[in-house]
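Participant: Below is one structure. I have some questions about it.
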Amino acid sequence: MPRTAIPAPRHPAEPTAPPVERMLLTVEEAAAAIGVGRSLMYELIAAGAVETVRVGRLRRVRPEALHDYVASLSQ
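Take a look at the structure:
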């Protein structure tokens, strides 16, 4: 039986860049970060419990706003 050659990779391995810490999160990412659903996160935003920023038409959450909200829960 003839041996089948393993094809060589087409491109050399590219170095991976270090992960970038996100400065702004989507509402869905923010909800996942604190373990709640998307609907509850929108309720928290509407109630003013979690601050957001607008980037054009997009609503984003600063990670610090999530830390502030979680810290307020224990008070």
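Each step along the sequence shown adds one to the number in my numbering, with nothing skipped, and position 72 is 81. In this text, a Cβ means the ideal position worked out from N, Cα and C, and glycines have one as well.
Going by beta carbon distance, what residues of the same chain come within less than 7 Å of T35, once the five residues before and after it are set aside?
Facilitator: Counting only Cβ-Cβ distances below 7 Å, and skipping sequence neighbours, we find R69.
Participant: Buried or exposed: which applies to L75, given that a residue is buried once 16 or more other Cβ atoms fall within 10 Å of its Cβ?
Facilitator: Classification for L75: buried.
Participant: Determine the DSSP secondary structure at V62, reduced to helix, strand or coil.
Facilitator: Three-state result, V62: strand.
Participant: Quick one: what does DSSP say L49 is sitting in, helix, strand or coil?
Facilitator: The answer is helix: DSSP assigns L49 an H, G or I state.
Participant: Just to confirm, is the Cβ distance from I43 to V79 under 8 Å?
Facilitator: Yes, the Cβ-Cβ distance between I43 and V79 is below 8 Å.
Participant: Compute the distance between the beta-carbons of L33 and R63, then report whether it is under 8 Å.
Facilitator: Not in contact: L33 and R63 (Cβ atoms no closer than 8 Å).
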